[in-house]
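Numbering (my numbering), first residue to last: 19 to 169.
Have a look at the structure below before the remarks.
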């Protein structure tokens, strides 16, 4: 029996959509409730990405308004942060090379993310409306572990 494995399922805050990765395939989105199979989410070149699975950090983060999500992947020996935008064409755009552990800077701001830079081991912020070629803003020059809240 061929069973597909859904990993990293993340429901939007308005509970209308689910972003998930299909093991060995890539990122998908589906309407909830009502659909049992999603539609592939692709970059401008039509390629799918596979979000990184992390034991300690939840990848795929929806914005508070359920219109956007951020996630990171590992491709060609580097990390990449992508922005998913609902009803956009393409739905997936590169936001930042060399970054991971991305999250929205606060629950009500759907425009700014915080992330760790792999090259400098520092913490940066970036507005999601900026292009991938624009430099992010340094927030704190220290390892990520020092800034994570205790839970």
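The beta carbon of each residue, even a glycine, is placed where N, CA and C say it ideally should be.
request  = Give the secondary structure of residue 48 by DSSP, where H, G and I count as helix, E and B as strand, and everything else as coil.
outcome  = Taken through DSSP and simplified to helix, strand or coil, residue 48 comes out as strand.
ask   = So is residue 156 buried or exposed if we call it buried at 16+ other beta carbons inside 10 Å?
value = With fewer than 16 other Cβ atoms inside 10 Å of its own Cβ, residue 156 counts as exposed.
request  = Give me whichever residues DSSP pairs with residue 92 in a beta bridge.
outcome  = In the DSSP secondary-structure assignment, residue 92 is bridged to 97.
message = What would DSSP say about residue 54, mapped onto helix, strand or coil?
response = In this structure, residue 54 counts as coil in the three-state DSSP scheme.
ask   = So which of 77, 159 and 143 has the shortest CA-CA distance to residue 90?
value = Taking only the C-alpha atoms, the option nearest residue 90 is 77.
ask   = Going straight from the alpha carbon of residue 140 to that of residue 160, what length do you get?
value = Going by the C-alpha atoms only, they are around 5 Å apart.
ask   = Taking the alpha-carbon positions, what's the residue 25 to residue 79 distance?
value = Using only the alpha carbons, I get a separation of about 14 Å.
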